[in-house]
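Asker: When we follow the numbering used here, the leftmost residue of the sequence shown carries the number 2, and every step to the right adds one. A virtual CB, placed ideally from N, CA and C, is assigned to each residue, including glycine. Got a structure for you, questions after.
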Amino acid sequence: MIRNSRLNADGDSLKATFRWLELEDGPRCLLATCPISEHNAAQLQFIDWDEVNTFKTQKRTNEHLSARWLLEQALIEWGDLDCSQLNIARTSERAPYLQAIQGLWIQPQLPGISLSHSQDLAAVALIEQGWTVGVDAEPFERPPASTVYDMMARGEELEQLKEGTLDALWAWTSKEAIQKAARKGMHLNPRDIVLDAGGRENKIPIENSIFQLENVSNDVYQITLAWGQDVDPIRSPEDDLLDATREAMHNGDDWSVGCSTVRKNA
2 MIRNSRLNAD GDSLKATFRW LELEDGPRCL LATCPISEHN AAQLQFIDWD EVNTFKTQKR
62 TNEHLSARWL LEQALIEWGD LDCSQLNIAR TSERAPYLQA IQGLWIQPQL PGISLSHSQD
122 LAAVALIEQG WTVGVDAEPF ERPPASTVYD MMARGEELEQ LKEGTLDALW AWTSKEAIQK
182 AARKGMHLNP RDIVLDAGGR ENKIPIENSI FQLENVSNDV YQITLAWGQD VDPIRSPEDD
242 LLDATREAMH NGDDWSVGCS TVRKNA
């Protein structure tokens, strides 16, 4: 489904393409894509100005802003979420995730997210809570050079890349997608991610997780999605406090927040 979205800074109509995916174990999952273009950052919700101000080129700024614009559109398509109450946080390993703005004391059911951009395309994947997702895209016309194969793989897998029995572009996007789904980025060595060249086995174990791959390519880009159960959910201090308060109320315990004394009524 293609839906026209808001106007950009020049008044041109922008389009985001949304694709609902039917995954094997049934989690709700949405893939959104759009062309990379200029945006007015002041009109966008998920902007980290400290990060934007580090960009040295207009191209890098456009990539970042297009992905953030697309995330807003994807969340509107997802439904029942107020973007004004959310922001993007990052783990210690720089993996992005949605969280409620601190101080609102709400616990919405937030999807896992992954963002990607390559050449002229931005891509965003959303997956329902309890699962984790990663997406990566690269143009078919730009496969990885053979000089980087030994950075991607080792042993038999490396030989398969050199022989051409393992498609290098699919392997590249698959490993990038798994790194994102695992929330590790380059902290997870791509050579430790071993793929099945024949595509027969689609359950890739990484530490305590098992990830599956989906080929969601279009005519121009190899787009690969990795997903799996979220075995290590991200929690904020507010999540812990709200849960503890809820449990105390449920058990009928005496409780107070932020105060060690009990105020007596006159």
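Quick one, are the C-beta atoms of Gln213 and Gly199 less than 8 Å apart?
Answerer: Residue numbering aside, residue 213 sits at position 212 when the sequence shown is read from its first letter. Residue numbering aside, residue 199 sits at position 198 when the sequence shown is read from its first letter. In this structure, Gly199 does not lie closer than 8 Å to Gln213 by Cβ.
Asker: Please specify which runs of the alpha helix (DSSP H), each continuous and at least 4 residues long, are wholly inside the segment 28-73, giving them in chain order.
Answerer: 50-53
Asker: Applying the 10 Å Cβ sphere with the 16-neighbour rule, what's the burial state of Ala245?
Answerer: Locating residue 245 in the sequence shown gives position 244, counting from the first residue. Exposed, because fewer than 16 other Cβ atoms sit within 10 Å of the Cβ of Ala245.
Asker: Would you tell me roughly how many angstroms separate the C-alpha atoms of Asp151 and Asp51, rounded to the nearest one?
Answerer: Along the sequence shown, read from residue 1 onward, the residue named residue 151 stands at position 150. Along the sequence shown, read from residue 1 onward, the residue named residue 51 stands at position 50. Between Asp151 and Asp51, the C-alpha separation is close to 35 Å.
Asker: According to DSSP, is Lys181 helix, strand or coil?
Answerer: Walking along the sequence shown from the start, residue 181 turns up at place 180. Looking at Lys181 - three-state DSSP - the assignment turns out to be helix.
Asker: Out of Asn219, Leu22, Leu72 and Leu82, point me to the one whose CA is closest to Pro140's CA.
Answerer: Sequence index remark: in the sequence shown, residue 140 carries index 139 (1-based). That would be Asn219, whose Cα lies nearest to the Cα of Pro140.
Asker: Consult DSSP for Arg264 and reduce its assignment to one of helix, strand or coil.
Answerer: Along the sequence shown, one-based indexing puts residue 264 at 263. Residue placement at Arg264 cannot be trusted, given a pLDDT of 38 that sits under 50; what the coordinates show is reported in the next sentence. Reduced to three states, the DSSP call for Arg264 is coil.
Asker: How long is the line joining the alpha carbons of Ala172 and His251, rounded to whole angstroms?
Answerer: Taking the sequence shown and counting its residues from 1, the one referred to as residue 172 is at position 171. Taking the sequence shown and counting its residues from 1, the one referred to as residue 251 is at position 250. Approximately 50 Å, taken between the alpha carbons.
Asker: Report the rounded CA-to-CA distance for Lys176 versus Arg247, giving the unit in angstroms.
Answerer: Residue numbering aside, residue 176 sits at position 175 when the sequence shown is read from its first letter. Residue numbering aside, residue 247 sits at position 246 when the sequence shown is read from its first letter. Each residue's Cα considered, the two are about 40 Å apart.
Asker: Which residues in the same chain have their Cβ closer than 6 Å to the Cβ of Val232, if we skip the five residues on either side of it in sequence?
Answerer: Within the sequence shown, the letter at position 231 stands for residue 232. Excluding positions up to five away in sequence, the list reads Asn209 and Ser210.
Asker: In the structure shown, what three-state DSSP assignment does His251 receive?
Answerer: As a working mapping, residue 251 is identified with position 250 in the sequence shown. Here His251 sits in helix by DSSP.
Asker: Leaving out the 5 sequence neighbours to the left and right, which residues in its chain are closer than 8 Å to Thr92 when beta-carbon positions are compared?
Answerer: Sequence index remark: in the sequence shown, residue 92 carries index 91 (1-based). Closer than 8 Å at the Cβ level, and outside the excluded window around Thr92, lie Tyr98, Arg184 and Ile235.
Asker: Closest to Ala43 by CA distance: which of Arg69, Thr133, Asp83 and Ala123 is it?
Answerer: As a working note, residue 43 is residue 42 in the sequence shown. The shortest C-alpha separation from Ala43 is found at Arg69.
Asker: For Asp121 and Ile37, I'd like the C-alpha separation in whole angstroms.
Answerer: Looking up residue 121 in the sequence shown gives position 120. Looking up residue 37 in the sequence shown gives position 36. Distance between the alpha carbons of Asp121 and Ile37 is about 5 Å.
Asker: Within 10 angstroms of the Cβ of Asp193, are there 16 or more other Cβ atoms? Answer buried if so, exposed if not.
Answerer: As a working mapping, residue 193 is identified with position 192 in the sequence shown. The Cβ neighbour count for Asp193, taken over all protein chains shown within 10 Å, is under 16; the residue is labelled exposed.
Asker: Does the segment 160-168 come close enough to the segment 56-64 that 3 or more CB-CB pairs lie under 8 Å?
Answerer: no
Asker: Do you know how far the Cα of Glu157 is from the Cα of Leu8?
Answerer: Position 7 of the sequence shown, counted from the first residue, corresponds to residue 8. Position 156 of the sequence shown, counted from the first residue, corresponds to residue 157. For Leu8, the pLDDT reaches just 43, beneath the cut-off of 50, and the residue's location in the model is therefore unreliable, although a value from the coordinates is still provided. Going from the Cα of Leu8 to the Cα of Glu157 covers about 50 Å.
Asker: Decide if Gly135 is buried, meaning its Cβ has at least 16 other Cβ atoms within 10 Å, or exposed.
Answerer: Working through the sequence shown from its first residue, we reach residue 135 at position 134. By the neighbour-count rule (16 or more Cβ atoms within 10 Å), Gly135 is buried.
Asker: Within the segment 198-222, note down every full beta strand (DSSP E) run reaching 3 residues or more, in order along the chain.
Answerer: Complete beta strand (DSSP E) runs here, min 3: 205-207 and 210-216.
Asker: Among all the DSSP beta bridges, which residues are the ones paired with Gln271?
Answerer: Outside the displayed span of the chain (2 to 267) sits residue 271, for which this structure offers no information.
Asker: Determine the burial state of Thr225: buried for a count of at least 16 other Cβ atoms within 10 Å of its Cβ, exposed for fewer.
Answerer: As a position in the sequence shown, residue 225 is number 224, starting the count at 1. It counts as buried.
Asker: Look at the Cβ atom of Pro145, then the Cβ atom of Leu170, and state whether they are nearer than 8 Å.
Answerer: Position 144 of the sequence shown, counted from the first residue, corresponds to residue 145. Position 169 of the sequence shown, counted from the first residue, corresponds to residue 170. Cβ distance < 8 Å, so Pro145 and Leu170 count as in contact.
Asker: Does the separation of the CB atoms of Phe47 and Glu73 fall below 8 Å?
Answerer: As a position in the sequence shown, residue 47 is number 46, starting the count at 1. As a position in the sequence shown, residue 73 is number 72, starting the count at 1. Yes, the Cβ-Cβ distance between Phe47 and Glu73 is below 8 Å.
Asker: Tell me whether Ala138 sits in a helix, a strand or coil according to DSSP, three-state version.
Answerer: Within the sequence shown, numbered from 1, the residue matching residue 138 stands at position 137. Ala138 falls in the strand class under three-state DSSP.
Asker: Going by the DSSP bridge assignment, what does Gly113 pair with across the sheet?
Answerer: Translated into positions along the sequence shown, residue 113 becomes position 112. Ile128.
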